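Peer 1: This structure is in structure tokens; I'll ask about it shortly.
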Amino acid sequence: QSFCCIMAISMRSICSAPAKCSSRARLACPHSVAARPASRKSRLQVQARQGGLGDENVDVAVFRFTLGIPGFEDRLIPRVVGAVGGLLIAVNHVLGAQPTPEAQGRAEVLGFVLAVLLVVVPELEERLREALPGRGRMKAAESVEGATNVFFLQQGLQDKLKQELAWSSFSLIKNTNSSGVVLTKGGKALLMRGTVGSAVATAGQADKSLAAAAQALTAAASSSSELRRVAEGSEAQVWLPDRAAIAKAGLASCGVIPQGVESVVLQHVPGAQAKAEPGLLLVFSERPRALSDRERKWAGAVADKLSAFL
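Structure follows, in structure tokens:
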């Protein structure tokens, strides 16, 4: 590259105009037509590194690397390794010298202890996740009672807002112990994603489902002081950790929240300006006390980010 730069500078000093350049000189002359695509490419590369092309031109894909064995969960790998290791230790003990040397006996005992630990690790992990929600995404339920799995966006939204709503809802459902997300603003439902109540959600009918969800939440706000306070902004967030708290808040019969949902976060979404109309974000899970304090703060951060686009 240094040699090419030196040649370019030398030829530029020789060439007074592109028309006077020889065929060889045009390869190095920065004014030549042949040199322009390379310089244009370099400018695009610089713009891409600096973000000059804009986020709308960047495609992002999320991958999860697994063993790819159908019907086998990767979290069970330690259990398989422990079982195989214990079996090999037992075979080695049977086929080994008799009587068993003292050193071999100690090694076999240690090996069996490690094998047992590996076998119980998946079970311990599951119990820790239940006791400490938010320390890892628990396996989502195959189905939630009274719910329909949907992904609807309000028609007429700007593409930038659609992207933000899609990624925000994806991050909440994928990385927290939530199963459904609903966003409303100005009496309209802008987003429904995940397991939403079958009373309002109908697969393949976005407009009808969004309208029904907005109507259900408006009706629920008249009887639920918690929902009304969050929607108005007098309270930023309300945490309903179990079904009893949901019923106490007057949301047990709300059609948006499925019967199988056990915990709900009501999150206020402030307007971008002082006079802008605020929004309401609902994040719910099929498990009681599923969302930790950190995950509820994440929901608040998502609401603050969305406020700039609403």
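The numbering of the sequence shown is the working numbering, which starts it at 796 and goes up by one.
Backbone N, C-alpha and C fix where the C-beta goes; we use that ideal spot for every residue, glycine too.
As the structure is a computational prediction, the values presented were derived from the model and not from experiment.
(1) Closest to A1040 by C-alpha separation, out of L948, P1083, Q1062, would be which residue?
(2) Skipping 5 residues on each side, what residues in its chain have a beta carbon closer than 6 Å to that of R870?
(3) If you drop the 5 nearest sequence neighbours on each side, which residues of the same chain put their C-beta closer than 7 Å to that of E1072?
(4) So, are the CB atoms of V1097 and G1050 less than 7 Å apart?
(5) Buried or exposed: P896, going by 16 or more other Cβ atoms within 10 Å of its Cβ?
(6) Can you tell me whether T990 is helix, strand or coil according to DSSP?
(7) To the nearest whole angstrom, what separates the beta carbons of F1079 and V1056, a pair I think is in contact under 8 Å?
(8) Once DSSP output is grouped into helix, strand and coil, what is the label at A1067?
(9) What is the C-beta distance between V976 and L1077, in whole angstroms, given that I count them as a contact (C-beta under 8 Å)?
(10) Using 7 Å as the threshold, is the C-beta distance between S1018 and G992 below it?
(11) Below 8 Å on the Cβ atoms is my contact criterion, and I expect N1053 with T990 to pass it. Report the Cβ-Cβ distance as a whole number of Å.
(12) Comparing the CB of S1102 with every heavy atom of the ligand MN, is any distance shorter than 6 Å?
(13) Report yes or no: do the region 1007-1021 and the region 952-964 share at least 3 C-beta pairs separated by less than 8 Å?
(14) If we cut at 7 Å on Cβ distances, does Q1054 have a partner in chain B?
(15) With H, G and I counted as helix, E and B as strand and the rest as coil, what does DSSP make of A1047?
(16) In this structure, what does DSSP give as the bridge partners for T1139?
(17) Could you tell me which residues DSSP puts in a beta bridge with G1074?
(18) Per DSSP, what kind of secondary structure is S963 in: helix, strand or coil?
(19) Within the continuous beta strand (DSSP E) that includes Q1010, where are the two ends?
(20) From which residue to which residue does the alpha helix (DSSP H) around V889 run?
(21) Is Q958 helix, strand or coil when you go by DSSP?
(22) Helix, strand or coil for G906, going by three-state DSSP, please let me know.
(23) Quick one: using the 10 Å Cβ neighbour count with 16 as the cut-off for buried, is R1089 buried or exposed?
(24) Mapping DSSP to helix, strand and coil, what is R913?
(25) Would you call V945 buried or exposed, if buried means 16 or more other Cβ atoms sit within 10 Å of its Cβ?
(26) Tell me which same chain residues have a C-beta within less than 7 Å of the C-beta of K1003, skipping the five on either side of it?
(27) What do you reckon, are the CB atoms on W948 and L986 nearer than 7 Å?
(28) Could you check the C-alpha separation between R1023 and K969 for me, to the nearest Å?
(29) Leaving out the 5 sequence neighbours to the left and right, which residues in its chain are closer than 6 Å to L1075 when beta-carbon positions are compared?
(30) Hey, could you find the ends of the alpha helix (DSSP H) L1101 is sitting in?
(31) First and last residue of the beta strand (DSSP E) that includes Q1032?
Peer 2: For this structure:
(1) On the sequence shown, position 245 is the one that residue 1040 refers to. Nearest of L948, P1083, Q1062 to A1040, Cα basis: P1083.
(2) Along the sequence shown, one-based indexing puts residue 870 at 75. The beta carbon of R870 sits closer than 6 Å to the beta carbons of P917 from its chain, once the five residues preceding and following it are set aside; these are given in chain order.
(3) Locating residue 1072 in the sequence shown gives position 277, counting from the first residue. If you ignore the 5 residues before and after E1072, its C-beta comes within less than 7 Å of the C-beta of K980, G981, G1066, all in its own chain and listed in chain order.
(4) For the purposes of this step, residue 1097 is taken as the residue at position 302 of the sequence shown. For the purposes of this step, residue 1050 is taken as the residue at position 255 of the sequence shown. By the CB criterion at 7 Å, V1097 and G1050 fall outside the cutoff.
(5) Working through the sequence shown from its first residue, we reach residue 896 at position 101. Its Cβ having fewer than 16 others within 10 Å, P896 is exposed.
(6) As a first step, residue 990 is located in the sequence shown; it is residue number 195 there, counting from the start. Strand.
(7) Within the sequence shown, the letter at position 284 stands for residue 1079. Within the sequence shown, the letter at position 261 stands for residue 1056. That belief holds up - the Cβ atoms of F1079 and V1056 are roughly 5 Å apart, short of 8 Å.
(8) One-based indexing of the sequence shown puts residue 1067 at position 272. Of the three classes helix, strand and coil, the one that applies to A1067 here is coil, per DSSP.
(9) Along the sequence shown, read from residue 1 onward, the residue named residue 976 stands at position 181. Along the sequence shown, read from residue 1 onward, the residue named residue 1077 stands at position 282. The pair is a contact, with the Cβ atoms about 7 Å apart (cut-off 8 Å).
(10) As a first step, residue 1018 must be located in the sequence shown, where it is residue number 223. As a first step, residue 992 must be located in the sequence shown, where it is residue number 197. Using a Cβ distance threshold of 7 Å, S1018 and G992 do not count as a contacting pair.
(11) Walking along the sequence shown from the start, residue 1053 turns up at place 258. Walking along the sequence shown from the start, residue 990 turns up at place 195. Just to set this straight, residue 1053 is Pro in the shown sequence, not Asn. With a beta-carbon spacing of about 6 Å, P1053 and T990 fall inside the 8 Å limit used to define contacts.
(12) Absent from the structure shown: the ligand MN. Ligands present: none.
(13) Contact between the region 1007-1021 and the region 952-964 is absent: fewer than three C-beta pairs spanning the two stretches fall below 8 Å.
(14) This model lacks chain B altogether, as it is built from one protein chain only.
(15) In the sequence shown, counting from the first residue as 1, residue 1047 sits at position 252. Under the three-state reduction of DSSP, A1047 is assigned to coil, being neither helix nor strand.
(16) Because the chain here runs from 796 to 1105, residue 1139 falls outside it and cannot be looked at.
(17) If you number the sequence shown from 1, residue 1074 lands on position 279. Its beta-bridge partners are K980, V1064.
(18) The residue labelled residue 963 in the question sits at position 168 within the sequence shown. Three-state result, S963: helix.
(19) Residue numbering aside, residue 1010 sits at position 215 when the sequence shown is read from its first letter. Premise fails: Q1010 lies in the alpha helix (DSSP H), 1001-1018, not in any beta strand (DSSP E).
(20) For the purposes of this step, residue 889 is taken as the residue at position 94 of the sequence shown. Where V889 is concerned, the enclosing alpha helix (DSSP H) stretches over 872-890.
(21) Position 163 of the sequence shown, counted from the first residue, corresponds to residue 958. Looking at Q958 - three-state DSSP - the assignment turns out to be helix.
(22) Within the sequence shown, residue 906 is the residue found at index 111, counting from 1. Taken through DSSP and simplified to helix, strand or coil, G906 comes out as helix.
(23) Sequence index remark: in the sequence shown, residue 1089 carries index 294 (1-based). Per the 10 Å Cβ criterion, exposed.
(24) Walking along the sequence shown from the start, residue 913 turns up at place 118. According to the sequence shown, residue 913 is Leu rather than Arg. Here L913 sits in helix by DSSP.
(25) Locating residue 945 in the sequence shown gives position 150, counting from the first residue. Around the beta-carbon of V945, 16 or more other beta-carbon atoms lie within 10 Å, marking it buried.
(26) Here residue 1003 is taken as the residue at index 208 of the sequence shown, counted from 1. Cβ neighbours of K1003 beyond the five flanking positions: T997.
(27) Here residue 948 refers to the residue found at position 153 when the sequence shown is read from its first residue. Here residue 986 refers to the residue found at position 191 when the sequence shown is read from its first residue. In the sequence as presented, Trp is not what sits at residue 948; that position holds Leu. Yes. Within cutoff.
(28) Here residue 1023 corresponds to residue number 228 of the sequence shown, with the count starting at 1. Here residue 969 corresponds to residue number 174 of the sequence shown, with the count starting at 1. Our two residues, R1023 and K969, have alpha carbons roughly 28 Å apart in a direct line.
(29) As a position in the sequence shown, residue 1075 is number 280, starting the count at 1. Setting aside the 5 residues that flank it on each side, L1075 is surrounded in the same chain by T979, A1026, each with a C-beta closer than 6 Å to its C-beta; the list follows chain order.
(30) For the purposes of this step, residue 1101 is identified with residue 306 of the sequence shown, where counting begins at 1. Counting along the chain, the alpha helix (DSSP H) containing L1101 begins and ends at 1088-1102.
(31) Position 237 of the sequence shown, counted from the first residue, corresponds to residue 1032. First-last of the beta strand (DSSP E) with Q1032: 1032-1035.
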